[in-house]
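Asker:
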Amino acid sequence: MNGTARLPSLLSVHEPAPFRVADGADLSFLIICDHAGHLVPAQLGDLGMALADRLDHIGWDPGAAIVARRIAARLGAPLVEGVYSRLVIDCNRYPEATDAMPAISDGRVVPANDGLSNIDRNARIAGIFLPYHQVIADHLDRALAAGVTPALLSIHSCAPAMDGTPRPWEIGVGWTRDTRMSAPLIRALEARGDVVVGDNQPYGLDLGMDFTTPEHAMTRGLAHLQLEFRQDLLTDRRKAEGWADRFVDAFETIGDRDAWHRTEQHVTPADGLKGFHAWRRQSAAARQMFCAGA
9 MNGTARLPSL LSVHEPAPFR VADGADLSFL IICDHAGHLV PAQLGDLGMA LADRLDHIGW
69 DPGAAIVARR IAARLGAPLV EGVYSRLVID CNRYPEATDA MPAISDGRVV PANDGLSNID
129 RNARIAGIFL PYHQVIADHL DRALAAGVTP ALLSIHSCAP AMDGTPRPWE IGVGWTRDTR
189 MSAPLIRALE ARGDVVVGDN QPYGLDLGMD FTTPEHAMTR GLAHLQLEFR QDLLTDRRKA
249 EGWADRFVDA FETIGDRDAW HRTEQHVTPA DGLKGFHAWR RQSAAARQMF CAGA
């Protein structure tokens, strides 16, 4: 196989695109939900896993899509959702990372991911990862071209316990360096008195591991939030929308938002971030070389 050979298509023409987009008139915010869905491409079958495992937190972020849709609707903002399971490819990880297409996730074996060839891995990158992230980049480009500097809100959900340790945080706010949005939001949520807030708990925003927020927002100097809502609080639509409302109600009490809609650089070349467009160009050549050597 030469370096310019065409990759086999992962998705058939009858399968959903790897993203779902809901338009919104207010371009000053973009809402994203990397792990909104748990679909698996037909050619990958059931990944060799039981349905209960694929529908657990290792396969997607339960409840996160409902929260993201409610937040987007209340802010009048566009929303981009990832449709396919994070077990196929995790769109918030760099594709070369071990946990991007994990052979084991939270102690459970993923047979279809064991011994993936370079061609298999690149089919998932080309079929799901790149189209999903291109849509996010296109939305940010569109806002900037319209003279609007958008802020990015990345919505996730987290398991109520990990390794047997309960997580008390009901909404976690992940950030690194840039506190324009995280600091006033944490204060606003704490001021409500009915939310247990995680300040970089249970997860922070990790450069070199998280892909979406660093490569789309931080490299452009855009304000951002990476949010975690605890999954046991999102078990039905009413509850999930209620937690989205708590977030938006607190969010809307923050008065001074001017800093959210201007660019500020908080990353340096030493961080190794490139921005999605540059990353895509650089990685394309590498992927062709991987396929050539497969």
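Numbering (our numbering), first residue to last: 9 to 302.
We put the CB at the ideal spot given by N, CA and C, even for glycine.
It should be emphasised that the depicted structure is a prediction, and the values quoted were computed from it without experimental measurement.
#1: Within the chosen definition, does the stretch 129-144 reach the stretch 23-42 through at least 3 CB pairs nearer than 8 Å?
#2: Rounded to whole angstroms, what is the Cα-Cα separation between Gly155 and Leu35?
#3: Pick from Asn100, Leu83, Ala85, Gly84: whose alpha carbon is nearest that of Val91?
#4: Taking just the CA atoms, how far does Gln290 sit from Val118?
#5: I believe Ser165 touches Asp244 by the beta-carbon criterion, under 8 Å. Please report the beta-carbon distance rounded to the nearest angstrom.
#6: In angstroms with no decimal places, state the Cα-to-Cα distance between Val21 and Val48.
#7: Work out the CA separation of Ala248 and Arg270 for me, nearest whole Å.
#8: With a cut-off of 8 Å on the beta carbons, I'd call Gly180 and Gly201 a contact; round off their distance for me.
#9: As an exercise, report each continuous beta strand (DSSP E) stretch of at least 3 residues that is fully enclosed by the stretch 132-193, in chain order.
#10: Which residue from Arg175, Leu160, Gly71 puts its Cα closest to that of Tyr211?
#11: Using three-state DSSP, classify Gln290 as helix, strand or coil.
#12: What residues in its chain sit with their C-beta under 6 Å from that of Gly301, if we drop five residues either side in the sequence?
#13: Could you check what DSSP says for Glu249 in three-state terms: helix, strand or coil?
#14: Which value, in whole angstroms, describes the spacing of the CA atoms of Gly263 and Leu148?
#15: With a threshold of 8 Å, are at least 3 pairs of Cβ atoms found where one atom belongs to the stretch 38-58 and the other to the stretch 105-112?
#16: Got a sec? Which residues, its chain only, sit under 7 Å from Glu23 by beta carbon, not counting five neighbours each side?
#17: By a C-beta neighbour count over all protein chains shown, 10 Å radius and 16 as the cutoff for buried, is Ser17 buried or exposed?
#18: Pull up the distance between the alpha-carbon of Leu59 and that of Leu242, whole angstroms please.
#19: Whole angstroms is fine: what's the gap from Ile144's alpha carbon to His65's?
#20: Are there 16 or more other CB atoms within 10 angstroms of the CB of Pro158, so buried, or fewer, so exposed?
#21: Using only CA atoms, which one of Ala252, Ala231, Gln239 lies nearest to Arg265?
#22: Can you list, in chain order, the residues of its chain with a C-beta nearer than 6 Å to that of Pro222? Leave out the 5 residues immediately preceding and following it.
#23: Looking at C-beta atoms only, is the number of pairs between the stretch 191-200 and the stretch 71-87 that lie closer than 8 Å three or more?
#24: Please confirm whether Ile39 and Ile163 have their CB atoms less than 8 Å apart.
#25: How far does the beta strand (DSSP E) with Val29 in it extend, from its first residue to its last?
Answerer: Reading off the structure:
#1: yes
#2: 10 Å
#3: Asn100
#4: 29 Å
#5: Not confirmed; about 13 Å, so no contact.
#6: 14 Å
#7: 31 Å
#8: The Cβ separation is near 18 Å, so there is no contact.
#9: 159-166, 179-182
#10: Arg175
#11: helix
#12: Annotation note: pLDDT 49 at Gly301 (below 50); position unreliable, no value reported.
#13: helix
#14: 24 Å
#15: no
#16: Pro49, Ala50
#17: exposed
#18: 20 Å
#19: 23 Å
#20: buried
#21: Ala231
#22: Leu215, Leu281
#23: no
#24: yes
#25: 27-30
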